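What follows is a set of notes on a single structure, which appears directly below.
In the working numbering, the protein residues as written are 1460 to 1782.
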């Protein structure tokens, strides 16, 4: 298998070199005068820069870097011969399945531009590679499902055929919308075909929390809050009023007319203070209750009306509601 530096048809003797030394160093084939323009001649601009960098990296033994640059040159030019160069890099990296996928792609994209001899040579290369990987068939894949081998996406359903998978223990994953990710470790012997039934489990939907409407709008909730504040204010007012009356009565029992001792004066002052507080809280309470009732009465009507009742009971002012 040779890196194409502007090559024409593939030579059968090069295939012999590949079969006998699958992991050895590739040779470099150069264009002949009667062949189509070399890649160096046919590529231009950034694509040619990437290609020249790939050649240097390849010759320096940096196969990963060379692959990346060949791939970049292909993205810019869509020159099918670059796919073959990428396949060579993958083979030298012992990624035989990836190399086979690229040779298959090369055959498809090159199409009629390949001579019968070159096409046959590429097919023989595929046969030579087949002993170093297994063709994996995945069944029951939903449309759109992505297939990953060792974390790398290798295709999406519907697949065009079996997936080449390298020797060894490989992690097969299937990622499909609406399903839990499928994972399975597979021992790949090479040469022989494998098949796998993919049984995807539907993804559990998050539990929904059902909330029941109280039947109250925002205005009615505000009305209840205001009325409750008013009721509390009136209740506190009642407490201070009772305290004021009690202290006032005690002061009258000590004082005689304008004559009053220190204790009587203190009780009188405390009674006035409590009375003032009682008046202030009474005003707040009255405003709260009045505002709450007004908000309630002017709130938009609902099919099922909630009822609010305020009144005076044995324990004082009471607030009742039915919702």
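Note that beta-carbon positions come from the ideal geometry of N, C-alpha and C, so glycine has one too.
Remember, it's a predicted structure, so these values are computed and weren't measured experimentally.
Within 10 angstroms of its Cβ, does residue 1742 collect 16 or more other Cβ (buried), or is it exposed?
With fewer than 16 other Cβ atoms within 10 Å, it is exposed.
Best match in 1605, 1703, 1560 and 1540 for proximity to residue 1573 [C-alpha to C-alpha]:
Looking from the CA of residue 1573, the closest CA among 1605, 1703, 1560 and 1540 belongs to 1540.
Alpha-carbon spacing of residue 1708 relative to residue 1702, whole angstroms:
Their backbone Cα atoms lie some 10 Å apart in a straight line.
Whole angstroms is fine: what's the gap from residue 1488's alpha carbon to residue 1495's?
With a pLDDT of 39 at residue 1488, under the threshold of 50, the predicted position of this residue should be treated as unreliable, though the coordinate-derived value follows. Distance between residue 1488 and residue 1495, taken at the CA atoms: about 14 Å.
By the three-class DSSP mapping on this structure, what secondary structure does residue 1573 have?
Here DSSP, grouped into helix, strand and coil, assigns residue 1573 to coil.
Would you check if the distance between the CB atom of residue 1630 and the CB atom of residue 1609 is smaller than 7 Å?
In this structure, residue 1609 lies closer than 7 Å to residue 1630 by Cβ.
Closer than 7 Å by C-beta to residue 1646: which residues in its own chain qualify, once you throw out the five before and the five after it? Chain order, please.
For residue 1646, the CB contacts under 7 Å within the same chain, skipping 5 residues up- and downstream, are 1628 in chain order.
According to DSSP, is residue 1625 part of a helix, a strand, or is it coil?
Residue 1625 falls in the strand class under three-state DSSP.
Measuring straight from C-alpha to C-alpha, what distance separates residue 1721 and residue 1731?
Rounded to the nearest whole angstrom, the CA to CA distance from residue 1721 to residue 1731 is 16 Å.
Going by the beta-carbon positions, is the gap between residue 1748 and residue 1681 smaller than 7 Å?
No. Outside cutoff.
Beta-carbon proximity of residue 1676 to residue 1740, cut-off 7 Å:
Between residue 1676 and residue 1740, the C-beta gap is not smaller than 7 Å, which leaves the two residues out of contact.
Inter-residue spacing [alpha-carbon to alpha-carbon] between residue 1491 and residue 1605
Because residue 1491 carries a pLDDT of 41, less than 50, the predicted location of this residue cannot be relied on, and no value is offered for it.
Beta-carbon gap between residue 1624 and residue 1556 smaller than 7 Å
In contact: residue 1624 and residue 1556 (Cβ atoms closer than 7 Å).
With distances taken Cα to Cα, identify the nearest neighbour of residue 1560 among 1577, 1576, 1581 and 1575.
With distances taken between Cα atoms, residue 1560 lies closest to 1581.
Grab the span of the beta strand (DSSP E) containing residue 1641 for me, first residue to last.
Start and end: 1641-1647.
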